[in-house]
């Protein structure tokens with residue numbers, strides 16, 4: 028639709044814009060019309076997107092989709108271009124707007140006076156003629172040509188890609204990657220887009236089909252192979268079989284075609300070609316992305332080198348030292364805990380695993396106490412995968428603990444160490460909640476531990492595996508080569524808890540759960556009824572315990588009335604309703620306000636994925652709204668508008684996201700419609716997040732399915748097999 032720019036609400040350094048526009052187009056939905064400043068007969072609305080046009084000198088053509096928010100609709104722009112008038116007055120207004128660098132009002136008057144109605148034709152086809160205009164020399168001409176070219180090129184690129192649903196942000200990424208060649212590359216060699224992060228094969232293939240590029244293009248095969256393997260990685264797999272890879276690529280490459288365009292044999296040849304280019308690695312019947320295989324192979328070798336490390340300094344007479352620690356700490360260890368202390372302090376690398384109430388925390392305190400007494404000068408590093416898990420580790424041990432990302436110098440989730448050659452200085456590294464550590468992060472950790480240092484891994488192998496690919500903790504245990512202490516005894520104080528009792532029942536395929544004040548089950552018939560009951564119980568528990576001590580855990584983030592996103596939207600307005608005194612700020616389709624409970628969703632320099640806090644204030648700085656967030660650890664961080672994209676509401680989170688955290692009260696919706704997610708380890712992980720109370724809301728059949736369905740660890744990884752093979756090979760070499 029044709030619009031005219033009115034004002035800038037927000038614009039980031041990276042080009043993200045929130046602008047107000049006006050139009051006469053009656054197609055604008057009534058809910059999207061801003062009436063607060065309407066002093067004319069125009070329709071006023073808000074648009075969001077990247078690199079929107081900010082001049083009222085010309086009309087702008089916008090296309091996109093209307094996105095819902097609590098305060099109405101706003102247009103999410105997919106295409107934006109100027110409609111340059113052809114009459115002299117319109118051309119003068121356009122050139123005077125400053126949209127083309129090098130042309131101000133006076134220069135614009137001179138250009139239009141010289142070329143009249145043909146000004147735009149001269150600018151586009153014969154720009155050298157501008158040298159005849161007073162005040163335009165060669166240097167200024169270059170600036171004008173460059174600015175006009177960039178503006179027009181971006182517009183042309185957006186127009187070409189808009190039908191494929193390519194966002195303006197991604198259009199800007201293409202422009203940044205390929206510069207002036209962007210449109211030519213998109214039209215003639217679109218599979219080059221696969222080189223840009225965030226461009227999936229499906230989108231690129233759609234563009235390619237429009238351009239009539241050969242469906243047998245080598246980069247098309249390459250894109251499909253990498254897409255299939257990357258999708259497998261997202262699902263937790265480090266590799267696919269050759270046949271699986273070929274089969275999935277065959278479906279992709281022939282999708283929408285009446286006849287077979289690409290044969291399985293051609294795909295097998297393409298896999299072979301990719302192998303030569305080192306983008307993938309074929310090992311027997313397994314096909315890896317090269318980096319994933321490298322992580323698995325090098326991790327296995329490093330684990331074996333630590334297991335067989337020579338010259339490891341053991342602590343003498345551990346039994347007497349444990350006795351001394353019992354007197355110092357005023358606590359006696361159970362036999363299984365005592366054995367765990369001795370095992371972990373007697374090996375360069377070891378694992379301590381156990382469920383809730385099994386005494387992992389107490390055992391770890393003894394390990395640290397004895398180690399520090401034996402090696403007072405040695406440096407100890409405690410770490411966990413998330414901010415909350417590391418803070419809990421610090422509280423339980425009385426020592427400082429950091430996130431793994433922070434300890435390894437990983438600023439963001441891209442897993443690129445800041446100092447990739449600098450080893451950790453610690454002599455003892457202890458990592459808690461290790462079930463959350465994926466293959467990539469495990470590789471970086473193992474690679475950074477210095478020679479002679481000791482590693483103790485702590486975790487619950489029965490919890491959900493990592494979000495990222497691999498199943499590192501279970502594979503290390505499965506190898507039976509890494510010294511492992513299993514704590515199975517449930518202590519008396521824990522055995523009195525229905526939460527602990529039911530967690531062990533769930534883990535042992537027992538559906539006979541015990542119910543009472545601390546473990547409740549509320550049965551419902553459908554998701555709408557479940558959502559109402561979840562909200563009702565949440566508000567009741569918050570009134571009793573406070574908002575920070577109550578957490579809803581959902582199996583799903585999207586889809587359905589009890590998904591995290593849906594519950595967050597509803598609950599936020601109930602516990603923190605809008606009013607004229609509360610400041611608000613828009614971020615895309617969402618509105619954040621003072622008092623909102625939020626969660627950080629990405630690792631950044633001074634904040635970790637999973638950190639939770641409350642929005643305490645919003646203030647204007649240089650025409651930008653700064654949002655202040657107080658984290659649970661007491662720190663206050665300031666977020667620019669663009670940084671708000673890292674935040675989400677945290678009244679409800681996913682069970683997967685809750686790993687490594689504990690809450691006094693949890694509420695868990697569990698329905699048959701969650702069937703694809705129902706697993707024993709999902710329910711076990713959810714239940715073990717609670718310290719005092721669990722409220723399950725759902726259907727009995729869903730609970731039974733979750734308990735009985737045990738395909739834990741069904742991920743494509745052979746880390747355990749590699750550990751065994753390298754271990755045996757190294758032993759044979761040493762004997763020889």
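Numbering (the numbering used here), first residue to last: 28 to 763. For every residue, glycine included, the Cβ atom is placed at its ideal position computed from N, Cα and C.
CA-to-CA distance, residue 372 to residue 77, given in whole angstroms: The residue given as residue 77 occupies position 50 in the chain shown. The residue given as residue 372 occupies position 345 in the chain shown. About 56 angstroms.
Whole-angstrom C-beta distance between residue 110 and residue 88, which should lie under 8 angstroms: If you number the chain shown from 1, residue 88 lands on position 61. If you number the chain shown from 1, residue 110 lands on position 83. Indeed, because the Cβ distance is near 5 angstroms, the residues count as touching under 8 angstroms.
Unbroken beta strand (DSSP E) run spanning residue 693, endpoints: Start at 1 with the first residue of the chain shown, and residue 693 comes out as number 666. For residue 693, the enclosing beta strand (DSSP E) covers residues 690-697.
Helix, strand or coil at residue 546 according to DSSP, with G and I counted as helix: Within the chain shown, residue 546 is the residue found at index 519, counting from 1. Residue 546 falls in the strand class under three-state DSSP.
Burial state of residue 84, where buried means 16 or more other Cβ atoms lie within 10 Å: The residue given as residue 84 occupies position 57 in the chain shown. Counting C-beta atoms within 10 angstroms of its own C-beta, residue 84 has 16 or more neighbours from the protein chains shown and is therefore classed as buried.
Coil, strand or helix - residue 676 by DSSP: The count along the chain shown starts at 1 and reaches residue 676 at position 649. Looking at residue 676 - three-state DSSP - the assignment turns out to be strand.
Near the ligand GDP: residue 369 beta-carbon under 7 angstroms from a heavy atom: Because no ligand of any kind appears in the structure shown, any question about the ligand GDP cannot be addressed here.
Nearest residue (CA-CA) to residue 458, options 470, 417, 498: As a working note, residue 458 is residue 431 in the chain shown. The option with the nearest alpha carbon to residue 458 is 417.
Nearest-angstrom Cβ-Cβ length linking residue 389 and residue 358, presumed shorter than 8 angstroms: The residue given as residue 389 occupies position 362 in the chain shown. The residue given as residue 358 occupies position 331 in the chain shown. The beta carbons of residue 389 and residue 358 sit about 7 angstroms from each other, so the pair counts as a contact at 8 angstroms.
Of the listed residues 71, 666, 132, nearest to residue 123 (C-alpha basis): In the chain shown, counting from the first residue as 1, residue 123 sits at position 96. The alpha carbon of residue 123 has as its nearest neighbour, out of 71, 666, 132, the alpha carbon of 132.
Inter-residue CB distance, residue 712 and residue 682 (contact presumed, cutoff 8 angstroms): Position 685 of the chain shown, counted from the first residue, corresponds to residue 712. Position 655 of the chain shown, counted from the first residue, corresponds to residue 682. Taking a contact as a CB-CB distance under 8 angstroms, the pair residue 712 and residue 682 counts as one, their CB atoms being some 6 angstroms apart.
Residue 514: first and last residue of the uninterrupted alpha helix (DSSP H) it sits in: As a first step, residue 514 must be located in the chain shown, where it is residue number 487. Looking at the DSSP string, residue 514 is not in any alpha helix (DSSP H); the run it does join, the beta strand (DSSP E), is 511-514.
Local conformation of residue 160 per DSSP, three classes: If you number the chain shown from 1, residue 160 lands on position 133. When secondary structure is reduced to three states using DSSP, residue 160 falls in the coil class, being assigned neither helix nor strand.
Proximal residues to residue 37 (C-beta, below 6 angstroms), its chain only, five neighbours per side dropped: Looking up residue 37 in the chain shown gives position 10. Within the same chain, and ignoring the five residues on either side of residue 37 in sequence, the residues whose Cβ sits closer than 6 angstroms to its Cβ are 45, 668.
CB contact check: residue 318 to chain C, cutoff 8 angstroms: No chain C is present in this structure, which holds just one protein chain.
Pairwise C-alpha distance: residue 692 and residue 560: Counting from one through the chain shown, the residue named residue 560 turns up at place 533. Counting from one through the chain shown, the residue named residue 692 turns up at place 665. Cα to Cα, the separation comes out at about 15 angstroms.
Where residue 519 falls, given that 16 or more other Cβ within 10 Å makes a residue buried: On the chain shown, residue 519 is found 492 positions in, with the first residue counted as 1. Model confidence at residue 519 stands at a pLDDT of 47, short of 50, so the residue's coordinates are unreliable; what they give is reported in the following sentence. That one is exposed.
Beta strand (DSSP E) segment containing residue 643, residue limits: Within the chain shown, the letter at position 616 stands for residue 643. Residues 639-648.
Buried/exposed call for residue 745, threshold 16 Cβ in 10 Å: The residue you call residue 745 lines up with position 718 of the chain shown. Result: buried.
Rounded separation between residue 280 and residue 289 - CA only: Here the question's residue 280 lines up with position 253 in the chain shown. Here the question's residue 289 lines up with position 262 in the chain shown. Straight-line measurement puts the Cα of residue 289 at about 7 angstroms from the Cα of residue 280.
Same chain, Cβ closer than 7 angstroms to residue 374, neighbours up to 5 away in sequence not counted: Within the chain shown, numbered from 1, the residue matching residue 374 stands at position 347. Closer than 7 angstroms at the Cβ level, and outside the excluded window around residue 374, lie 510.
Buried versus exposed call for residue 539 [16 or more other C-beta atoms within 10 Å across all chains shown]: In the chain shown, residue 539 corresponds to position 512, counting from 1. Looking at its Cβ environment, which holds fewer than 16 other Cβ atoms inside 10 Å, residue 539 is exposed.
The beta strand (DSSP E) enclosing residue 340, as first and last residue numbers: To locate residue 340, count along the chain shown from 1; it is residue 313. Per DSSP, residue 340 lies in no beta strand (DSSP E) segment and is marked neither H nor E.
Top-ranked residue by Cα proximity to residue 496, from 274, 316, 248: Reading the chain shown from its first residue, position 469 is the one you call residue 496. Nearest of 274, 316, 248 to residue 496, Cα basis: 316.
First and last residue of the uninterrupted alpha helix (DSSP H) at residue 310: Residue numbering aside, residue 310 sits at position 283 when the chain shown is read from its first letter. DSSP places residue 310 in no alpha helix (DSSP H) but in the uninterrupted beta strand (DSSP E) bounded by 307-310.
Beta-carbon spacing of residue 276, residue 255 below 8 angstroms: Taking the chain shown and counting its residues from 1, one reaches residue 276 at position 249. Taking the chain shown and counting its residues from 1, one reaches residue 255 at position 228. Contact check for residue 276 against residue 255 passes: the beta carbons are separated by less than 8 angstroms.
Contact between the stretch 629-638 and the stretch 691-705 (3+ Cβ pairs under 8 angstroms): With the cut-off at 8 angstroms, the stretch 629-638 and the stretch 691-705 do not touch.
Opening and closing residue of the alpha helix (DSSP H) in which residue 147 lies: As a working note, residue 147 is residue 120 in the chain shown. According to the DSSP assignment, residue 147 belongs to the alpha helix (DSSP H) that extends over 146-152.
Which listed residue (706, 750, 191) has its alpha carbon closest to that of residue 734: The sequence position of residue 734 within the chain shown is 707, counting from 1. When only C-alpha atoms are compared, the closest one is 706.
Close beta carbons around residue 305, own chain, < 7 angstroms, minus the five adjacent residues each side: As a working mapping, residue 305 is identified with position 278 in the chain shown. Sequence-distant Cβ neighbours of residue 305 in its own chain, meaning closer than 7 angstroms and more than five residues away, are 317.
Rounded straight-line distance, which links the Cα of residue 552 to that of residue 224: As a first step, residue 224 is located in the chain shown; it is residue number 197 there, counting from the start. As a first step, residue 552 is located in the chain shown; it is residue number 525 there, counting from the start. The straight-line gap separating the alpha-carbon atoms of residue 224 and residue 552 is approximately 43 angstroms.
Cβ shell of residue 302 (< 6 angstroms), same chain only, five flanking positions each side left out: Within the chain shown, numbered from 1, the residue matching residue 302 stands at position 275. If the five residues before and after residue 302 are omitted, its C-beta is found closer than 6 angstroms to the C-beta atoms of 309, all from its own chain and listed in chain order.
Where residue 380 sits in the DSSP three-state scheme: Looking up residue 380 in the chain shown gives position 353. For residue 380, the secondary structure class from DSSP, reduced to helix, strand or coil, is strand.
The stretch 384-403 contacting the stretch 418-427, beta-carbon criterion three pairs below 8 angstroms: As far as the Cβ criterion goes, the stretch 384-403 touches the stretch 418-427, which means the pair count is three or higher.
C-alpha gap between residue 587 and residue 355, whole angstroms: Here the question's residue 587 lines up with position 560 in the chain shown. Here the question's residue 355 lines up with position 328 in the chain shown. Going from the Cα of residue 587 to the Cα of residue 355 covers about 53 angstroms.
contact_flag[the stretch 650-659, the stretch 598-607] where n(CB pairs < 8 angstroms) is 3 or more: Taking a cut-off of 8 angstroms for Cβ pairs, the stretch 650-659 and the stretch 598-607 do not touch, as fewer than three such pairs fall below it.
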